[in-house]
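**Student:** Could you have a look at this structure, given as structure tokens, before my questions?
Residue numbers (the UniProt record's numbering), protein chains in the order written: chain X, 1 to 167; chain U, 1 to 535.
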């Protein structure tokens with residue numbers, strides 16, 4: 001379904017369409033004809049669906065829409081499908097840090113045997129007038145730091161190696 | 001469009017150190033800007049009062065719609081020239097709102113050297129009129145100038161982009177059906193006489209305004225004729241005898257209300273329609289930019305964190321997020337206008353150049369204006385990259401960028417070195433507006449590299465002559481060169497020379513871009529067409 005809504009914390013897929021004569025709400029369980037008419041009150045509407053008529057009030061905010069109906073308020077948020085359906089493509093990090101370009105090591109922050117967290121700085125390199133901090137691709141233990149401060153390295157040289165993850 | 005998820009920790013030590021460093025820089029910047037706008041020697045203020053004239057800032061207040069923004073260009077022009085004695089190059093330029101419409105404004109500042117034209121004054125005025133031509137903006141000239149500064153007449157008068165270009169651009173504006181009005185609130189002598197006379201409409205203020213090819217002293221010297229300012233070129237003579245002036249204003253207030261009335265008569269051309277969304281403030285606080293921009297220019301930072309504090313809702317649709325990752329490309333909105341953004345996240349490689357070239361073509365195809373955020377130390381060098389054709393791929397990027405038909409805007413956010421400046425729409429590449437951040441640097445190479453190269457040449461030359469140099473002697477050669485280069489690459493040098501349209505407080509970037517984009521839509525967008533891509 002092309003739209004995902006979160007109603008009071010629960011995700012629902014639906015899509016509002018028009019069949020030529022009226023609005024229909026398409027849901028995974030089929031379509032429901034519905035009609036929403038303003039009542040003249042601020043944010044006030046009359047909802048007709050499945051033969052039921054309900055008075056409701058709507059408040060639209062930047063993050064969510066609030067629907068007040070039957071003495072209760074429902075919070076309806078929109079979930080970005082591209083984000084929701086992307087999955088965990090980050091995956092597990094690599095064991096190695098590979099030089100993105102040739103350069104010189106400015107400083108080394110860790111030594112073999114150190115335990116590191118994902119995103120923790122391992123070393124700083126300089127190339128093309130820019131200092132770049134290279135960080136741990138995942139949580140782990142440092143196995144090797146082949147270059148010391150001041151050393152030059154080439155493209156795709158391994159700058160840091162983490163110990164393999166245990167299964 | 002999804003929101004950028006910021007990873008910035010505003011409690012981190014380096015964030016706080018960066019924030020403090022940028023705040024310090026901005027304190028200096030705002031002080032310099034205030035001085036350039038308002039601080040004048042007492043005798044100059046007294047002289048204006050004696051002449052019964054308002055200052056240029058008060059004139060702008062009378063002209064512009066109250067409560068509307070004025071995008072001032074190059075406030076610190078000439079700040080490193082003439083020993084700093086010509087603040088703003090003696091002229092105020094910018095885009096403002098008059099009767100609800102965007103106009104380009106050129107206003108002499110008579111509190112600086114009587115509004116004389118220095119070389120940098122001419123450069124600033126020509127640039128403003130280029131902005132008017134490119135964006136099809138009507139122009140309001142506020143004339144009050146002593147004329148060309150004679151001791152520097154060679155820097156004011158003869159060349160292609162000097163004095164004559166001001167009038168040439170006025171002719172081109174008129175030819176392109178872009179209206180102009182001049183308010184004469186002081187003397188317009190010699191060449192200056194052509195500013196009001198080439199305008200479609202002009203207003204002369206009685207008592208203070210005058211237009212003549214030669215003033216009374218020159219007439220006396222040339223022909224012996226004795227004549228006063230008012231008889232020679234005053235408001236009454238020109239509006240009732242010569243027809244050189246259109247309207248006579250009793251006071252400054254009268255002149256500017258007439259000017260506003262005339263602007264409101266002009267035909268409104270519908271603006272170019274591009275994709276828009278409803279306006280949204282950035283989700284992340286723009287002032288957090290102060291803590292994100294590293295205090296050491298060499299330290300790398302993620303440009304997405306910058307974009308998150310500039311674009312609507314901090315929302316960004318990234319194009320090719322996993323390819324050529326040193327070049328960030330994607331769509332966002334600024335003030336509701338859809339834009340294509342190109343931002344550097346490192347050196348330009350083959351893949352990042354190709355990605356940029358492709359994305360620029362996409363934006364031209366769907367008529368999306370382009371915004372460049374520069375932090376570029378160059379295209380990658382070395383055998384590996386030459387063999388892969390880095391120069392050829394860079395050429396593709398230039399061909400796409402330079403051949404763009406959509407409006408382009410550039411922010412030099414940090415480094416702007418070498419050919420990277422070209423690829424990322426530097427000054428030569430027709431950005432509609434180009435702004436710099438105060439810590440940014442611009443040069444053919446970094447100051448350290450340039451100074452070392454220059455010093456090494458000198459040292460080797462001395463060594464060839466058999467001179468043995470001590471450490472101190474080498475330092476004595478290198479240090480002054482380095483100091484000069486460091487100064488030359490600073491944003492203040494750039495803005496002094498008008499290589500940009502001004503330095504911005506990073507937190508103001510969003511509004512400066514919003515106004516620039518809005519103004520650019522006064523001009524139509526052509527169909528895309530390019531030169532030859534070296535494939």
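Ideal Cβ placement from N, Cα and C applies to all residues, glycine included.
The structure displayed is predicted, hence computed values, not measured ones.
1. So, helix, strand or coil for residue 44 (chain X), using DSSP?
2. By the 9 Å beta-carbon criterion, what residues does the stretch 412-439 of chain U contribute toward chain X?
3. On the CB-based measure, 16 or more other CB atoms within 10 Å of its CB, does residue 45 (chain U) come out buried or exposed?
4. Pull out every residue of the stretch 362-392 of chain U whose Cβ sits closer than 7 Å to any Cβ of chain X, in chain order.
5. Rank X:127, X:161, X:10 by C-alpha distance to the C-alpha of residue 382 (chain U) and give the top, closest one.
6. Check whether the stretch 460-467 of chain U and the stretch 491-509 of chain U are in contact - that is, three or more C-beta pairs closer than 8 Å.
7. Listing by chain order, which chain X residues have their CB less than 8 Å from the CB of residue 347 (chain U)?
8. Since residue 7 (chain X) contacts residue 79 (chain X) with CB under 8 Å, what's their CB separation in whole angstroms?
9. Do residue 136 (chain X) and residue 113 (chain X) come within 9 Å of each other at the CB atom, strictly closer than that value?
10. Residues of chain U with a CB under 8 Å from the CB of residue 82 (chain X): which are they?
11. At a CB distance below 7 Å, what residues from the stretch 283-308 of chain U approach chain X? Give them in sequence order.
12. Find the nearest neighbour of residue 206 (chain U) within the set U:225, U:245, U:16, judged by alpha-carbon distance.
13. Between residue 335 (chain U) and residue 136 (chain U), what straight-line distance do the alpha-carbon atoms span, to the nearest angstrom?
14. So is residue 446 (chain U) in contact with chain X if we call contact Cβ pairs under 9 Å?
15. Contact between the stretch 123-137 of chain U and the stretch 511-524 of chain U: three or more CB pairs below 8 Å?
16. Check the Cβ of residue 97 (chain X) against every Cβ in chain B and list those closer than 9 Å, keeping chain order.
17. For chain U, check one thing: does any of its Cβ atoms lie closer than 9 Å to the Cβ of residue 65 (chain X)?
18. Note down, in chain order, each residue of its chain lying with its Cβ closer than 7 Å to the Cβ of residue 128 (chain U), except the 5 sequence neighbours on either side.
19. Straight-line CA distance for residue 429 (chain U) to residue 402 (chain U)?
20. For residue 230 (chain U), tell me which candidate among U:210, U:487, U:322 has the shortest Cα-Cα distance.
21. In angstroms with no decimal places, state the Cα-to-Cα distance between residue 351 (chain U) and residue 419 (chain U).
22. In the structure shown, what three-state DSSP assignment does residue 237 (chain U) receive?
23. Assuming residue 416 (chain U) and residue 442 (chain U) make a contact with CB atoms under 8 Å, what is their CB distance in whole Å?
24. Write down the C-beta distance between residue 181 (chain U) and residue 194 (chain U) rounded to the nearest angstrom, noting that I regard them as a contact closer than 8 Å.
25. On the DSSP letters alone, give me the boundaries of the alpha helix (DSSP H) that residue 395 (chain U) sits inside.
26. Short of 8 Å in beta carbon distance, which residues of its chain neighbour residue 178 (chain U), apart from the five on each side in sequence? Order them along the chain.
27. Alpha carbon to alpha carbon, how far is residue 253 (chain U) from residue 367 (chain U)? Give it in angstroms, no decimals.
28. Would you tell me roughly how many angstroms separate the C-alpha atoms of residue 316 (chain U) and residue 3 (chain U), rounded to the nearest one?
29. I'd like to check one pair, residue 77 (chain U) with residue 114 (chain U): are the Cβ atoms closer than 9 Å?
30. Taking CB distances under 9 Å as the criterion, tell me whether residue 42 (chain U) reaches chain X.
31. Would residue 302 (chain U) and residue 364 (chain U) qualify as a contact pair, given that the criterion is a beta-carbon distance under 9 Å?
32. Kindly provide the ranges of any alpha helix (DSSP H) runs that are 4 or more residues long and lie completely inside the stretch 263-299 of chain U, ordered along the chain.
33. Per DSSP, which residues does residue 204 (chain U) bridge with? Please list them.
34. Output yes or no for whether 9 Å exceeds the beta carbon distance between residue 124 (chain X) and residue 132 (chain X).
35. Could you tell me how far apart the beta carbons of residue 374 (chain U) and residue 424 (chain U) are, in whole angstroms, since I believe they sit closer than 8 Å?
36. Do residue 328 (chain U) and residue 304 (chain U) have their C-beta atoms closer together than 9 Å?
**Tutor:** In terms of the structure at hand:
1. strand
2. 415, 417
3. exposed
4. 377, 378, 380, 382, 384
5. X:127
6. no
7. 101, 127, 128, 130
8. Not confirmed; about 11 Å, so no contact.
9. no
10. 2
11. 298, 299, 300
12. U:245
13. 21 Å
14. yes
15. yes
16. The chain labelled as chain B is not found among the protein chains of the depicted structure, namely X and U.
17. no
18. 73, 93, 104, 106
19. 6 Å
20. U:210
21. 16 Å
22. helix
23. 4 Å
24. The Cβ separation is near 15 Å, so there is no contact.
25. 390-402
26. 132, 133, 136, 137, 138, 139
27. 43 Å
28. 6 Å
29. no
30. no
31. no
32. 289-292
33. U:184, U:248
34. yes
35. 5 Å
36. yes
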